[in-house]
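Residue numbers (the numbering used here), protein chains in the order written: chain A, 1296 to 1426; chain B, 5 to 97; chain C, 4 to 599.
Here is the structure we will look at, set down as structure tokens.
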Amino acid sequence: MYKILVVDDEPGIIKIFETFLIKNGFEVIKAAGGEEAIKVLNSDTKIDLMLLDMKMPKVPGIDVINEMVRINKRIPAIILTGSIDAERYLIDLKASGYSREDILYKPTDLFELLKLIKNKLSIAERLNFDG
Amino acid sequence: MAVKYVLKLYVTGVTFRSQAAFKSLKKIMSENYKGAYSLKVIDVMKHPKLAEDDKILATPTLIKILPLPVARIIGNLSDKEKVLLSLDLVAVR
Amino acid sequence: MKKQTNKAGQDNMDLQALKESEARFRSIVLWSPDAIIVTDAEGKIEYMNPAAEGVFDRKLESFIGKDFGLPLVDGESTEIDIFRPGKDPGAGDMHVVETEWLNKKAHLITIRDISERKRAEEALRESEERYRVQFEQTIDALFLADTQTGIILECNRAAMELIGREKSEMVGQHQRILHPSEERDGRFSKSFKQHITGETLVETKIIKKSGEIRDVAVRASTFDLKGKKVILAIFRDITERKKSEEALLRAAQEWRTTFDSITDLVSLIDREFRLVRVNKAFAHAFGMEPKEVVGKTCYELVRGTGESWFSCPHKKTVETGKPNIVEFFEPRLKIYLEVSTSPIFDDKGEVVATVHTAKDITQRKEIEKSQRLSQLGKLVADMAHEVNNPLMIISGNAQLSLMEGVRDEEVKKNLKIIFEECKRAKDIIQRLLKFSRPSRGEIKEVDINKSIEAVVSIVEHQFKLINVEIKRNYLKDPPLISIDEQQMQEVFMNLINNASEAMPGGGAITITTSLEGDFFRIDLKDTGCGMSEEVKKKLFEPFFTTKEKGTGLGLAVCYGIIKAHNGELKFESELNKGATATVLLPLREGGVERSV
Chain A
1296 MYKILVVDDE PGIIKIFETF LIKNGFEVIK AAGGEEAIKV LNSDTKIDLM LLDMKMPKVP
1356 GIDVINEMVR INKRIPAIIL TGSIDAERYL IDLKASGYSR EDILYKPTDL FELLKLIKNK
1416 LSIAERLNFD G
Chain B
5 MAVKYVLKLY VTGVTFRSQA AFKSLKKIMS ENYKGAYSLK VIDVMKHPKL AEDDKILATP
65 TLIKILPLPV ARIIGNLSDK EKVLLSLDLV AVR
Chain C
4 MKKQTNKAGQ DNMDLQALKE SEARFRSIVL WSPDAIIVTD AEGKIEYMNP AAEGVFDRKL
64 ESFIGKDFGL PLVDGESTEI DIFRPGKDPG AGDMHVVETE WLNKKAHLIT IRDISERKRA
124 EEALRESEER YRVQFEQTID ALFLADTQTG IILECNRAAM ELIGREKSEM VGQHQRILHP
184 SEERDGRFSK SFKQHITGET LVETKIIKKS GEIRDVAVRA STFDLKGKKV ILAIFRDITE
244 RKKSEEALLR AAQEWRTTFD SITDLVSLID REFRLVRVNK AFAHAFGMEP KEVVGKTCYE
304 LVRGTGESWF SCPHKKTVET GKPNIVEFFE PRLKIYLEVS TSPIFDDKGE VVATVHTAKD
364 ITQRKEIEKS QRLSQLGKLV ADMAHEVNNP LMIISGNAQL SLMEGVRDEE VKKNLKIIFE
424 ECKRAKDIIQ RLLKFSRPSR GEIKEVDINK SIEAVVSIVE HQFKLINVEI KRNYLKDPPL
484 ISIDEQQMQE VFMNLINNAS EAMPGGGAIT ITTSLEGDFF RIDLKDTGCG MSEEVKKKLF
544 EPFFTTKEKG TGLGLAVCYG IIKAHNGELK FESELNKGAT ATVLLPLREG GVERSV
């Protein structure tokens, strides 16, 4: 079972993703903010994919990305955000190995999300990403 | 030394005329009879009685008391020659 | 005995003649007003005439036979003092003649009483002394000079102090020595000539012995003195006064210069709203010189009306005695003004005038507007984000519910609607965000004609359907301009859309590109309903829209984008006569800023 880390400061959103992902056979690890996410990343827990909200107070999404780069744990990630925000970080995202295709705009169509998740996981499997 | 000349000079106040008369006389006497004269100056304003007693009519009036005879000169005493002449002339006679 | 008879006769004749002669001489002697004294050679008084008693003012009988003295005379006569006991002495003029009297040498002495004359002389001398003292003691320098020769006849102590010379160095010299050479006009000094021709008060300069030059004011008058025409001049040293006058003048000039160099429009307005004084900036703003403006009323000049407006700050300050500031748009000068008025009080504490300062704050307002717009943009963006989360939750929950399998068709339908509407909401917000915060694009050199054409081509087809024709008037061989093309195209899109919306029944949009000075100019003209004054004023205001479904952010954002390019966006329009949007973009590079 794939483990997916869901990072968002909004509990209502985490609930939705959690429900949806579990329903579709994934294991969900929750992080209610960047700080928690970084903790999880630094732990031994094996993460297969991350759903990451960019705009979070205290420790925003970009910091989480940078942490991943720092500890060399490049997990496939789907970046969730309200449109324009991502544009701001596009350059940084690109530098970290992410592209526009990794961005989904809220509110997301859950099935679109699912497709993207499966896509990423298969690619990851093929490329043998470190988890 | 005996005083040869004893003189009395009557003047009116301290006018320019009075001063001039006195100065001229003094000069003449000191040049010619140095030490041998005595000069008394009487201001008729201050001593009118003396002037009256001496029957003074006008000033400057110079009265020679000694040597005799007594003599008077009245008027302008600036001319040395005239003054000496007047004084001696009287004495000679 | 004939001889004897002749002799008797002769003797008779002689006696007669003698008697006559004696009578003549007697009358002379008796009637002479002068004292006549006859003395012998030694000076004893032989005879005194009646007048003598008058002259000596006493009874003289006792003097006969007494010594008068040898009369010594200097020249013709000599002055003596007459002794009058108990009274003031007199003065006499003594005249002596040596003669014979009864065959003896005698002195005939005549004494004329000159006491009166002497008294008069003395009075005159005293008077002269008094005048002399006054002349000498006067604080002002006095000079007496001959008007014909110019020679200085007299001067006082103050004159010596003024010129720094002794009297002897000045009296007898020509008056021109008192003045420096620049003050000369021929042989005399200019001032001297002026005085002679009637000028009583003249300002001139004198030169001291030391060479120092001082300013003086000279008051002079001419008059006759002993047949000569003389001039009496009073010199007063005014050097210090002149210095302070000059300092004052300089200060006034400095103030004037400062006043005029202030770029704000400054004016002094009195209680009757009349402009008492204005600086250059103020006058020039109305195309006039300060002189022409003074005296006009402020409302007549500024507003062209016959009375003040009710919010007139000057009026308020006059009424309350307190300073006042207002901001408003001045239609005649077409600028935003910040006007402050401060009261000026008289000794009684009444407001007599105000200092009225108007500052052009158009630029500041524009900056404020840009700032407001960008702040608004940020605000909008932040709010949009906040909305996204609730939307996500609504949408997500609806989706999850749908996944549960809803049996009730009605509920299923409703859930689907919720899901769809959430997607729509997202679209709206996306558009909102896109326009409210210009995206950071790349700046490159672009052929604007081509950029515009790209936008036009997108909409041309749609426009044809609504009868809107697009005409192009592109500048040939346009220069390339550095712009953020993506942003600019958003602007063109916005402007074109607005234009078409102004022509609901169809019309034409003419796009013209040209060069204007240092700018590239793009005109977008429509034949639509035009804009009223009201609308024009509010065009760029965020959330202002004439459209039913307009967000009102379009033009505000366009303005922001263009300003970020250091360009300009203007509108010309009249109701029912269409509108022209003009965009000016600087040609030179370096004029584009990145927007945040």
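C-beta atoms are modelled at their ideal positions from N, C-alpha and C, and glycine is treated no differently.
Taking 8 angstroms as the threshold, the shortest C-beta distance from residue 100 (chain C) to chain B does not fall below it. When only Cα atoms are considered, residue 560 (chain C) and residue 1349 (chain A) end up about 25 angstroms apart. Assignment of residue 570 (chain C) by DSSP, reduced to helix, strand and coil, places it in the coil class. Not a single C-beta of chain B is nearer than 8 angstroms to the C-beta of residue 142 (chain C). Around the beta carbon of residue 1371 (chain A), 16 or more other beta carbons sit within 10 angstroms, so the residue counts as buried.
For a cut-off of 8 angstroms, the C-beta gap from residue 484 (chain C) to residue 590 (chain C) is around 6 angstroms, short enough to register as a contact. Here residue 16 (chain C) is exposed: its Cβ has fewer than 16 other Cβ atoms, across all protein chains shown, within 10 Å. With its beta carbon at least 8 angstroms from every one in chain B, residue 67 (chain C) lies outside the interface. For residue 1393 (chain A), no Cβ of chain C is located within less than 8 angstroms of the residue's own Cβ.
By the criterion of a C-beta distance shorter than 7 angstroms, residue 477 (chain C) is surrounded in its chain by 452 and 516, once the five residues flanking it on both sides are discounted. Secondary structure note for residue 1297 (chain A): it is in no alpha helix (DSSP H), with a DSSP letter that is neither H nor E. At a beta-carbon threshold of 9 angstroms, the residues of chain A lying near residue 398 (chain C) are 1311, 1401, 1402, 1403, 1404 and 1405, ordered along the chain. A Cβ-Cβ distance of about 19 angstroms is found for the pair residue 335 (chain C) and residue 297 (chain C), leaving them out of contact under the 8 angstroms criterion.
Taken in chain order, the whole alpha helix (DSSP H) runs of length 4 or more contained in the stretch 187 to 245 of chain C are 193 to 199.
Under the three-state reduction of DSSP, residue 301 (chain C) is assigned to helix. Interface criterion met: the Cβ of residue 387 (chain C) is under 8 angstroms from a Cβ in chain A.
DSSP places residue 171 (chain C) within a helical segment (H, G or I) once states are collapsed to three.
Judged by DSSP secondary structure, residue 472 (chain C) falls within the beta strand (DSSP E) whose first and last residues are 471 to 476. Annotation: residue 1416 (chain A) to residue 1409 (chain A) spans about 11 angstroms, alpha carbon to alpha carbon.
The C-alpha of residue 71 (chain C) lies about 55 angstroms from the C-alpha of residue 177 (chain C). For residue 52 (chain B), at least one C-beta of chain C is nearer than 8 angstroms to its own C-beta.
Neighbours of residue 49 (chain C) in chain B, taken as residues at a C-beta separation under 9 angstroms, are lacking, since the least C-beta distance is about 14 angstroms. By the C-beta criterion, the stretch 119 to 126 of chain C is judged not to be in contact with the stretch 142 to 154 of chain C, since fewer than 3 inter-stretch pairs fall below 8 angstroms. Going by beta carbons, residue 79 (chain C) and residue 98 (chain C) fall inside the 8 angstroms limit. According to the DSSP assignment, residue 543 (chain C) belongs to no beta strand (DSSP E), since it is labelled neither H nor E.
Its chain contains 60 as the residues whose beta carbon lies nearer than 8 angstroms to that of residue 90 (chain C), once the 5 sequence neighbours on both sides are disregarded; these appear in chain order. The CB of residue 81 (chain C) comes closer than 8 angstroms to the CB of 79 and 80 in chain B, given here in chain order. The beta carbon of residue 86 (chain C) sits closer than 8 angstroms to some beta carbon of chain B. In the structure shown, residue 57 (chain B) falls within a helical segment according to DSSP collapsed to helix, strand and coil.
The C-alpha of residue 475 (chain C) lies about 25 angstroms from the C-alpha of residue 539 (chain C). Secondary structure of residue 562 (chain C) (DSSP, three-state): helix. The straight-line gap separating the alpha-carbon atoms of residue 41 (chain B) and residue 78 (chain B) is approximately 19 angstroms. Neighbours of residue 41 (chain C) in chain B, taken as residues whose beta carbon is under 7 angstroms from its own, are absent, since the nearest beta carbon is some 14 angstroms off. Around the beta carbon of residue 309 (chain C), fewer than 16 other beta carbons sit within 10 angstroms, so the residue counts as exposed. Taking the Cα positions, residue 473 (chain C) is about 21 angstroms away from residue 558 (chain C).
At a C-beta separation below 8 angstroms, residue 75 (chain C) has these neighbours in chain B: 77, 78, 79, 80, 81, 83, 86, 87 and 90.
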